[in-house]
Amino acid sequence: MDLGLTGRVALVTGASAGIGYAIAEKLAGEGCHLIICGRNSERLEKAVETLGHYQIKIISIAADVHKENDSISLVQESLKQFGRIDIAINNSEGAKFSSEAVEEFDDEEWRNVFERKLMGYIRMTNLVLPSMKSQKWGRIINIIGTSGKEPAGALIKSGVANAGLINFTKAVATEVAKWNVLVNSINPGLIDTPRHREYLEVVAQKEGQTVNAIKERIDKLIPLGRRGAASEVANLVAFLASECASYITGVTIPVDGGLSKGAF
């Protein structure tokens, strides 16, 4: 099915690996021109090279969207190169997984969590909105995570930030709907990425079990009985970015194999 995305300009953060790269690849396959961003220049250049066979314009910009100046420069350069941003994908890793008890976190750790992901997404949204409003068309898609709705011990810091982002998504969607700017979010579940494997290791350490034991326990909670693939998140992103989703805004959709039906 042609999603009608050919020629659209998409900005994807955290696009050098994992879910972000899968999103960039899917949008490239749909004909979107791309700005991909990440903190690792070498991985970004490798991603550009890998995506080079698509008939699109693609640029990479090394930036840390957790930092205000980097975010501003990223959006300014994107607008300079393309003249507009049609689609913005906020995709950034959250807090480091933790095996400590909640009372051991100090205030600085919490501030860092909120700055890294919550403020990063809010800042990027604020920066791309003027361009989208002026053209009366835009898509903002926030890649959040199930811990915002289904708390888990090792994810407590990310979960609190993610809950805020779910609320932010709904609020912004209502505010900008009159400009035909649609804002939605996706909650990936246990997607087979390096970050997911890090999560399993931390849980195993915290509970004094093996990684395989944790995998087996969690697998039993997933109705589909398997890990998700990053491409399955990317497929939903492409749909939400397209005209096929022109009457969908302010929602948070889980991509988790049914995991959020239970507790993990």
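Following numbering that gives the first Met the number 0, the numbering of the sequence shown begins with 0 at its first residue and continues without gaps.
No residue lacks a Cβ here, since even glycine has one placed at the ideal position from N, Cα and C.
- At the C-beta level, A176 and I140 stay beyond 9 Å of one another.
- Here C36 carries a strand assignment [DSSP, helix/strand/coil].
- Per DSSP, reduced to three states, the secondary structure at G227 is strand.
- Here D106 is exposed: its Cβ has fewer than 16 other Cβ atoms, across all protein chains shown, within 10 Å.
- One alpha carbon belongs to S15, the other to N179, and they sit about 30 Å apart.
- Annotation for T5: G30 place their beta carbon closer than 6 Å to its own, counting only its chain and skipping 5 residues before and after.
- Nearest to K214 by C-alpha distance, out of E200, K205, T251 and L128, is E200.
- Distance from the CA of S77 to the CA of T209, rounded to the nearest whole angstrom, comes to 45 Å.
- Annotation for G51: no alpha helix (DSSP H) segment contains it, and DSSP assigns it neither H nor E.
- Membership of G28 in the alpha helix (DSSP H) is indicated by the continuous run G17 to G28.
- Our two residues, I252 and Q80, have alpha carbons roughly 32 Å apart in a direct line.
- Under the Cβ criterion (8 Å, minimum of three pairs), the region 221-228 does not count as touching the region 152-168.
- Shown here, A61 sits in a strand according to DSSP, grouped into three states.
- Secondary structure within the region 166-248: the alpha helix (DSSP H) runs of 4 or more consecutive residues, fully enclosed, are 193-206, 210-218 and 229-240 (chain order).
- Its Cα nearest to that of G188, the residue D218 stands out among D218, T12, A170 and K205.
- A direct Cα-Cα distance of roughly 8 Å separates L223 from L258.
- In the DSSP annotation of this structure, V250 is not part of any alpha helix (DSSP H), being labelled neither H nor E.
- Between T145 and N186 a beta carbon distance of about 5 Å is seen, short of the 8 Å cut, so the two are scored as contacting.
- A170 counts as exposed, since fewer than 16 other C-beta atoms from the protein chains shown sit within 10 angstroms of its C-beta.
- R138 sits in a strand when the DSSP states are folded into three classes.
- Taking a C-beta distance under 9 Å as the contact criterion, I84 and M131 qualify as a contact pair.
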